[in-house]
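Visitor: Residue numbers (the working numbering), protein chains in the order written: chain A, 35 to 324; chain B, 35 to 324.
Don't be surprised by glycine CBs; every beta carbon is placed ideally from N, CA and C.
Take a look at this one; I'll ask things after.
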């Protein structure tokens, strides 16, 4: 494969110390061209489909892809464009909404763990366990309503440590964790939200309460930065994906999963037969029902 | 309550460093008498039932009771005797057997987390996440069959660290974790296994493969010791319960859950009415349908 493909190293965060979102341009094209982006996604998906077959056959590893980003950052579109073409038998997409009454009674990671891919599977989380350290951090009254004190010393550090430990555990269990932050500018979000209102086909996605969250942009940016700083590790890196251009986002999401699959070095199964399979083949060939 | 009840402090392990099972007598009566043990269990259960009602009403905490012990240590009997009388709507007992094909594909803690009690509930695990660091440790070929290397540096330390982190996380989420090791002698196990064979009503519990595990007693003892050393913490202690006398085991298991419930200081709900409830009461009293 040529050298220009893949995700540029500066977008792969494996040590979050001092990380700042403002250091990454939301509008960057990363040297790609829109014209060839569809072809590149198709090539990625074709290769992913081959490797996905081996992932399922060996069943020694699973992959969890976490998609996070502000409203209208392009999460749904990235799933549709970058992963259509994979065998849905081995892909499970879970879109996490606000927790319902049963989920609220359980510990935060309960619904997350229930949805976790097994070895051999690819799991895609559209929003994830990170929502708890974003929304509740920006709205500390939600924490108080649960009888907890968000101002207690170490409260957020502990919650982030729990997420980091959880991902370390998953990695040790051969579940690879890939986290993608779709990095959009507030200007671009405004344009996309206005467009949603203009298009009857997309209007259902518009929720007036999104505007209140939009006003909290700096607080969300800070919460994201602290989450990424605390949980970007070599075994569970964060990828920061410029998201002002939908086509680029989709290519990069496809590149990220492809790179993860390639990192497993899933070898092509041997063409050689075991003696048992050889005997089975001979038995079938001699079978009366031909 | 009188001073003699409760679990003696030396059986509550909150710092596992240098812990040895041989320091605790399996045959100890702990100053209790068999004659009064049934009454004491009943008293414990009555008090637990009251506190369980409040636990469900407040729903701010959940409780997980982990029962571990060699075969015939009395786990099933402890559940039946120490917890019958609680409201089953708020108690969930999960007996973990050897993992099936779906469970094996998932990470080790997946089936454990799925069964976790929510806030307001009491969960009893008859065997638990600890089985993985016991059976597989004694039978390292099971690890190799999963494509992992049990001799890799830090392999068991990492698995135990994952369990410790998991329990720390649960505690932070207001799920209290209480771990009970039913400590039986090999002599007493022999007697109980022979008795199982003699009694047609109990014979179904006898599995000839248990005898092979019995031969591995020293290896299991060591695996238990290392597990307890690595995971006994102030927030998720291990209780070592002498288990050569069934009646004592059952009292102690009841005492352990009662002590945990008491530690939550679940106050009796106030007798005072809120204005809204007062108004509701008056409306009902004036209601035409009387």
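What is the rounded straight-line gap between the Cα of residue 263/B and the Cα of residue 102/B?
Guide: By one-based count along the second chain, residue 263/B stands at place 229. By one-based count along the second chain, residue 102/B stands at place 68. Going by the C-alpha atoms only, they are around 15 angstroms apart.
Visitor: From residue 295/A to residue 244/B, what does the alpha carbon distance come to, in whole angstroms?
Guide: The sequence position of residue 295/A within the first chain is 261, counting from 1. The sequence position of residue 244/B within the second chain is 210, counting from 1. So the two alpha carbons sit approximately 42 angstroms from each other.
Visitor: Who pairs with residue 128/B in a beta bridge, going by DSSP?
Guide: For the purposes of this step, residue 128/B is identified with residue 94 of the second chain, where counting begins at 1. Answer is 159/B.
Visitor: Could you list the residues in the segment 46-80 of chain B with a C-beta less than 9 angstroms from some C-beta on chain A, going in chain order?
Guide: Under the 9 angstroms Cβ criterion, the segment 46-80 of chain B contributes no residue.
Visitor: Any chance you could list the beta strand (DSSP E) runs of at least 3 consecutive residues sitting entirely within the segment 82-151 of chain B, in chain order?
Guide: Taking only runs of at least 3 residues, the beta strand (DSSP E) segments lying wholly in the segment 82-151 of chain B are 96-103, 125-129.
Visitor: As a quick exercise: from 217/B, 285/B, 207/B, 315/B, pick the residue whose alpha carbon is nearest that of residue 107/B.
Guide: One-based indexing of the second chain puts residue 107/B at position 73. Here the closest residue by C-alpha is 217/B.
Visitor: So the alpha helix (DSSP H) residue 231/A belongs to, where does it begin and stop?
Guide: Against the first chain, residue 231/A aligns to sequence position 197. From DSSP, the alpha helix (DSSP H) with residue 231/A extends over 220-232.
Visitor: Just tell me which of 116/B, 89/B, 307/B, 133/B has its CA closest to the CA of residue 282/B.
Guide: The residue labelled residue 282/B in the question sits at position 248 within the second chain. Considering only alpha carbons, the answer is 116/B.
Visitor: Between residue 273/A and residue 45/A, is the Cβ-Cβ spacing less than 8 angstroms?
Guide: Your numbering for residue 273/A matches position 239 in the first chain. Your numbering for residue 45/A matches position 11 in the first chain. Yes. Within cutoff.
Visitor: Beta carbons nearer than 8 angstroms to chain B: which residues of the segment 285-310 of chain A have them?
Guide: So nothing in the stretch comes that close.
Visitor: Looking at the C-beta of residue 181/B, does it have a partner C-beta in chain A at a distance below 8 angstroms?
Guide: Counting from one through the second chain, the residue named residue 181/B turns up at place 147. Yes, because at least one Cβ of chain A sits closer than 8 angstroms to the Cβ of residue 181/B.
Visitor: Once DSSP output is grouped into helix, strand and coil, what is the label at residue 44/B?
Guide: If you number the second chain from 1, residue 44/B lands on position 10. Helix.
Visitor: Cα separation between residue 97/A and residue 211/A?
Guide: Taking the first residue of the first chain as 1, we reach residue 97/A at position 63. Taking the first residue of the first chain as 1, we reach residue 211/A at position 177. In a straight line, the C-alpha of residue 97/A is about 6 angstroms away from that of residue 211/A.
Visitor: Nearest chain A C-beta to residue 100/B closer than 8 angstroms, yes or no?
Guide: Sequence index remark: in the second chain, residue 100/B carries index 66 (1-based). No, residue 100/B does not count as interfacial toward chain A.
Visitor: Keeping to the same chain, check which residues put their C-beta closer than 6 angstroms to that of residue 168/B; ignore five residues upstream and five downstream.
Guide: Along the second chain, one-based indexing puts residue 168/B at 134. Cβ within range, chain order: 257.
Visitor: So, is the C-beta of residue 127/A closer than 8 angstroms to a C-beta in chain B?
Guide: Your numbering for residue 127/A matches position 93 in the first chain. With 8 angstroms as the cut-off, residue 127/A does not count as an interface residue toward chain B.
Visitor: Start and end of the beta strand (DSSP E) containing residue 212/A?
Guide: Along the first chain, one-based indexing puts residue 212/A at 178. Its beta strand (DSSP E) spans residues 209-217.
Visitor: Residue 16/A to residue 129/B, Cα distance in whole Å?
Guide: Residue 16/A is absent from the structure shown; chain A starts at 35 and stops at 324.
Visitor: List, from N- to C-terminal side, the alpha helix (DSSP H) runs of 4 residues or more that fit wholly inside the segment 242-268 of chain A.
Guide: The segment 242-268 of chain A contains these whole alpha helix (DSSP H) runs: 243-249, 251-265.
Visitor: Taking C-beta pairs closer than 7 angstroms, name the residues in chain A that residue 168/B reaches, listed in chain order.
Guide: Your numbering for residue 168/B matches position 134 in the second chain. Within chain A, no residue comes near residue 168/B; the closest Cβ sits about 18 angstroms away, beyond 7 angstroms.
Visitor: So is residue 147/B in contact with chain A if we call contact Cβ pairs under 8 angstroms?
Guide: By 1-based counting over the second chain, the position of residue 147/B is 113. Interface residue, yes.
Visitor: Whole angstroms is fine: what's the gap from residue 234/A's alpha carbon to residue 265/A's?
Guide: As a working note, residue 234/A is residue 200 in the first chain. As a working note, residue 265/A is residue 231 in the first chain. Using only the alpha carbons, I get a separation of about 39 angstroms.
Visitor: Just how far apart, CA to CA, sit residue 174/A and residue 202/A?
Guide: In the first chain, counting from the first residue as 1, residue 174/A sits at position 140. In the first chain, counting from the first residue as 1, residue 202/A sits at position 168. Their backbone Cα atoms lie some 27 angstroms apart in a straight line.
Visitor: Do residue 157/B and residue 139/A have their CB atoms nearer than 8 angstroms?
Guide: As a position in the second chain, residue 157/B is number 123, starting the count at 1. As a position in the first chain, residue 139/A is number 105, starting the count at 1. Cβ atoms of residue 157/B and residue 139/A: not closer than 8 angstroms.
Visitor: Report the rounded CA-to-CA distance for residue 200/A versus residue 147/A, giving the unit in angstroms.
Guide: Counting from one through the first chain, the residue named residue 200/A turns up at place 166. Counting from one through the first chain, the residue named residue 147/A turns up at place 113. Near 10 angstroms, if we compare the C-alpha coordinates of residue 147/A and residue 200/A.
Visitor: Taking only beta carbons into account, state which residues of the segment 204-225 of chain B come closer than 7 angstroms to chain A, listed in chain order.
Guide: Listed by position along the chain: 204, 206, 207, 209.
Visitor: Anything in chain B within Cβ reach of residue 104/A, meaning under 9 angstroms, just list it in chain order.
Guide: Taking the first residue of the first chain as 1, we reach residue 104/A at position 70. Ordered by position in chain B, no residue passes the 9 angstroms Cβ test against residue 104/A, which lies about 27 angstroms from the chain.
Visitor: For residue 71/B and residue 285/B, which I take to be in contact (beta-carbon distance under 8 angstroms), what is that distance rounded to the nearest angstrom?
Guide: Reading the second chain from its first residue, position 37 is the one you call residue 71/B. Reading the second chain from its first residue, position 251 is the one you call residue 285/B. Right, the Cβ-Cβ distance comes to about 5 angstroms (below 8 angstroms), so this counts as a contact.
Visitor: To the nearest whole angstrom, what separates the beta carbons of residue 268/B and residue 48/B, a pair I think is in contact under 8 angstroms?
Guide: Your numbering for residue 268/B matches position 234 in the second chain. Your numbering for residue 48/B matches position 14 in the second chain. Their Cβ separation, rounded to whole angstroms, is 4 angstroms, which keeps residue 268/B and residue 48/B in contact under 8 angstroms.
Visitor: Helix, strand or coil for residue 174/A? Go by DSSP, reduced to three states.
Guide: By 1-based counting over the first chain, the position of residue 174/A is 140. The answer is helix: DSSP assigns residue 174/A an H, G or I state.
Visitor: Tell me which residues share the same chain as residue 50/A and place their Cβ nearer than 6 angstroms to its Cβ, disregarding the 5 neighbours each side in the sequence.
Guide: In the first chain, residue 50/A corresponds to position 16, counting from 1. Answer for residue 50/A: 262, 263, 266, listed in chain order.
Visitor: Check each candidate in 227/A, 248/A, 81/A and name the one with the smallest Cα separation from residue 238/A.
Guide: What you label residue 238/A is simply residue 204 of the first chain in a count that begins at 1. It is 227/A.
Visitor: Can you check whether the CB of residue 214/B is closer than 8 angstroms to the CB of residue 127/B?
Guide: As a working note, residue 127/B is residue 93 in the second chain. As a working note, residue 214/B is residue 180 in the second chain. Not in contact: residue 127/B and residue 214/B (Cβ atoms no closer than 8 angstroms).
Visitor: Taking all protein chains shown into account, do 16 or more other C-beta atoms lie within 10 angstroms of the C-beta of residue 302/A, making it buried, or fewer, making it exposed?
Guide: On the first chain, position 268 is the one that residue 302/A refers to. Exposed.
Visitor: Just to check my reading of the structure: residue 181/A and residue 94/B have Cβ atoms closer than 8 angstroms, yes? What is that Cβ distance to the nearest angstrom?
Guide: Here residue 181/A refers to the residue found at position 147 of the first chain. Here residue 94/B refers to the residue found at position 60 of the second chain. Yes, they are in contact, since the Cβ atoms of residue 181/A and residue 94/B sit about 5 angstroms apart, within 8 angstroms.
Visitor: Please list the partners that residue 139/A has in chain B, where partner means a Cβ-to-Cβ separation under 7 angstroms.
Guide: As a position in the first chain, residue 139/A is number 105, starting the count at 1. Within 7 angstroms Cβ-Cβ: 93, 152, 153, 154.
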